[in-house]
Every structure is written in C-alpha cells, then in structure tokens.
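Q: Residues in the sequence shown are numbered consecutively from 101, following the numbering used here.
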Amino acid sequence: MAGRLFRIRGLVQGVGFRPHVWRLAQELGLDGWVRNDGDGVIAAVNGENWPKFAMLLRDEAPRLARIDTVEITEFAGTLPAGFAIVESEAGAVRTAIGPDAAICPACIADICNPAGRRWRYALTTCTHCGPRYTVSHGIPYDRALTSMAAFPLCPICNDEYTAPSDRRFHAETTCCPDCGPQLRLLDVAGQSLAGDPLAETLRLLRAGQIVAIKGLGGFHLACDARNAGAVAELRRRKQREAKPFAVMGLNSISLASLARIGEDELALLRDVAAPIVLCPKAGQALPGVAPGLAWLGVMLPATPLHLLLWHEAAG
Ligand SMILES: [Zn+2]
Ligand SMILES: [Zn+2]
Numbered sequence: 101m102a103g104r105l106f107r108i109r110g111l112v113q114g115v116g117f118r119p120h121v122w123r124l125a126q127e128l129g130l131d132g133w134v135r136n137d138g139d140g141v142i143a144a145v146n147g148e149n150w151p152k153f154a155m156l157l158r159d160e161a162p163r164l165a166r167i168d169t170v171e172i173t174e175f176a177g178t179l180p181a182g183f184a185i186v187e188s189e190a191g192a193v194r195t196a197i198g199p200d201a202a203i204c205p206a207c208i209a210d211i212c213n214p215a216g217r218r219w220r221y222a223l224t225t226c227t228h229c230g231p232r233y234t235v236s237h238g239i240p241y242d243r244a245l246t247s248m249a250a251f252p253l254c255p256i257c258n259d260e261y262t263a264p265s266d267r268r269f270h271a272e273t274t275c276c277p278d279c280g281p282q283l284r285l286l287d288v289a290g291q292s293l294a295g296d297p298l299a300e301t302l303r304l305l306r307a308g309q310i311v312a313i314k315g316l317g318g319f320h321l322a323c324d325a326r327n328a329g330a331v332a333e334l335r336r337r338k339q340r341e342a343k344p345f346a347v348m349g350l351n352s353i354s355l356a357s358l359a360r361i362g363e364d365e366l367a368l369l370r371d372v373a374a375p376i377v378l379c380p381k382a383g384q385a386l387p388g389v390a391p392g393l394a395w396l397g398v399m400l401p402a403t404p405l406h407l408l409l410w411h412e413a414a415g
C-alpha cells in the first residue's frame, strides 16, 4: 500500500505539533516520520488508518497551533517500521515566534499538585502555554535566543525536552525549581524581602499595599480592588483620575458578583490570549475601580505566578 505525504502549513512550529503527529501515529499504528521544514510540518505515514489520522490532525491539534492548509499526496518512497521525529536539515527551518499564551490546564494541574516537582513553581510552562514573544531576542524561536538561555536544563527537564511523548518536548522556555529562575519580592529600593514571596505578596495586598507583579510583557500594578483606600492611592500614584482599572479574579465564579459574564464573555476570558473582557457590572460595587461606568473590565490569571497568588488568596 502506498504511503501518504502530509504537508501542513500555518502556525505549526514551536507549538508541539510534531509530538502531536507522533502521538497520533502511535495510537493509529502508522509507520513513517515527521519533521519541520521551511514551509511548516511535513509527515510521511503508512498504514490503513491514515484517513483517521487526517481527521484527527485537525480535530486534536495542539492548543496554540493554527492549521491553514493540509495537502495530502501519495508518497512514493519506502517507510521503515515505526514512527520517528526526524531532525530538520540545518538552515531549512525559520521557526516563527508565536505570541505569549496563558497557562494551560495541564500546567495548572502541575503547579497545584503538592506531590509534583513543579508544585507552586511560578515559571512553569510547556509547548501549549507560556511566554514566547516576550522572552525572545531573535529568530528562530529557540532557547538559545530567549532569556531562558541563562538557565541550562537540569537532567530531568532535559529528559522531558527530548521525549516526543512529553508535552515539554522542545518546549523552549521549560524549566523547574531546580534549573529555572527563582521568584523574588523586592522592596522599593530593590532589596529582596524575606519570607515566601507568594505569601508575603498576599500579606502586602491584604494590608492595602500596591505590588508590581511581573506578567507576560510587563508588570501589573496590583492592589486589593475591594479596598477603596488602596484603589485611591493607586490612582494618585498613577496620576489617573478616573480611567477605569480592570479586575482579575481566580475564575468566573469569583467574578460573578462583580460582572455579568455570559457564554461569549466566558469563552473570551478563557482564550489563550487571556484578554480583558468588558462585561456589564453586577451587584457588588468596587468604589473607584471603574467610576461612572456601567461596564467593568475583568480578566483571569494568565501566568502561573498570577494563578498561584489568586489561588492562595482564595484559600
Ligand atoms: Zn502548559
Ligand atoms: Zn529542571
């Protein structure tokens, strides 16, 4: 039986697409190979399940992938038994840099698992989430050209990075508490404050202080939105008399008393871009947050750091 050659174009590099193809081939008992090239991803497969492969290629595509076209042609060459991820020819690939993406459900599970090695680790990422554009210095998208270059992978992270079955296969920003950056809380003079940075940040916010929290592409100046005095102080320091502030909540349930979130708004909130979504205000008022407006901008935590803070604030 003749093999099939799949030519996939779109945003398919640096998003876990080759492991996706590899996993499908394993599940469907297909032989062949997959690799990146200058046009996207190319895969040669052989086996009777190839029509199902063609369907699942799109239906189960990775979270950050965008498939523009799939061309299927007959493959004349012979394919050895088994399925392999083949290295691209040097210089053949110019992997584009994707946008930053909000933390994925699997990484949320990692940082919330007390038995896991990434428990409460605020820099957790994988191929389905995390910073990309923000941490890149140049193309192609490769760890050596990101701000993670200064943090060599530990042996366990390296095993994940090189295992096609792992969702951190070629995850350029992956790291762990042993090999990645450490969280710090600094005072206004730039001196590290003692104590657990997450717990200490929450203590300051609860005491009405303003904290700058590093996120994707910049800092959030944060205070307790329910504390009118803290909100007023933030306005004074920002010299922002009335322009509305947005409110971050752990989830749509914790925002329900503040904003009326419909199905469409919920889908937007959960998008990988993690936007601020404008919703009609609900019953609970937040003095000074969005004065004189019937609408409130709300958002969900987009980074592991924000998620951990809001998660632990909720108790
Ligand atoms: Zn992830
Ligand atoms: Zn590590």
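We put the CB at the ideal spot given by N, CA and C, even for glycine.
According to DSSP, is Val121 part of a helix, a strand, or is it coil?
A: Helix at Val121.
Q: Going by alpha carbons, who is nearest to Trp122 out of Ala263, Pro252, Pro151?
A: Here the closest residue by C-alpha is Ala263.
Q: Using CA coordinates, which residue listed in Leu316, Leu393, Gln291 is at the minimum distance from Ala201?
A: Taking only the C-alpha atoms, the option nearest Ala201 is Leu316.
Q: What's the gap between the Cα of Leu302 and the Cα of Val235?
A: The straight-line gap from Cα to Cα measures roughly 26 Å.
Q: Under a three-way DSSP split, which group does Trp410 fall into?
A: In this structure, Trp410 counts as helix in the three-state DSSP scheme.
Q: Could you compute how far the alpha carbon of Pro387 sits from the alpha carbon of Pro404?
A: Looking at the two C-alpha atoms, the distance is approximately 29 Å.
Q: In angstroms, rounded to a whole number, what distance separates the CA positions of Leu321 and Asp168?
A: Their backbone Cα atoms lie some 38 Å apart in a straight line.
Q: Skipping 5 residues on each side, what residues in its chain have a beta carbon closer than 8 Å to that of Leu368?
A: Within the same chain, Leu368 has close Cβ partners Pro375, Val377.
Q: Tell me which residues share the same chain as Val115 and place their Cβ nearer than 7 Å to its Cβ, disregarding the 5 neighbours each side in the sequence.
A: So the list reads Pro162, Leu164, Ala165, Gly198, Thr227, once near-sequence residues are dropped.
Q: Is Arg378 helix, strand or coil by DSSP?
A: Note that residue 378 is Leu in the sequence shown here, rather than Arg. Note: Leu378 maps to strand in three-state DSSP.
Q: Are there any heavy atoms of ligand 1 lying less than 7 Å away from the beta-carbon of Gly230, as far as the coordinates show?
A: Because some heavy atom of ligand 1 lies under 7 Å away, the Cβ of Gly230 counts as near it: yes.
Q: Hey, would you say the C-beta of Ala382 is under 7 Å away from at least one heavy atom of ligand 1?
A: Checking the Cβ of Ala382 against ligand 1 gives no.
Q: Using only CA atoms, which one of Arg370, Gln113, Val112, Asn149 lies nearest to Leu128?
A: Out of Arg370, Gln113, Val112, Asn149, Asn149 has the C-alpha closest to the C-alpha of Leu128.
Q: Applying the criterion that 16 or more other CB atoms from any shown protein chain within 10 Å of the CB defines a buried residue, is Asp371 buried or exposed?
A: That one is exposed.
Q: Tell me which residues share the same chain as Pro119 and place their Cβ nearer than 6 Å to its Cβ, disregarding the 5 neighbours each side in the sequence.
A: Answer for Pro119: Pro264, Phe269, listed in chain order.
Q: Can you tell me which of Pro205, Val347, Ala206 puts its alpha carbon nearest to the alpha carbon of Thr384?
A: A quick correction: the sequence has Gln, not Thr, at residue 384. Answer by Cα proximity: Val347.
Q: In the structure shown, what three-state DSSP assignment does Cys279 receive?
A: Here Cys279 sits in coil by DSSP.
Q: Taking the continuous beta strand (DSSP E) assigned at Glu171, which residues delimit it?
A: Where Glu171 is concerned, the enclosing beta strand (DSSP E) stretches over 166-175.
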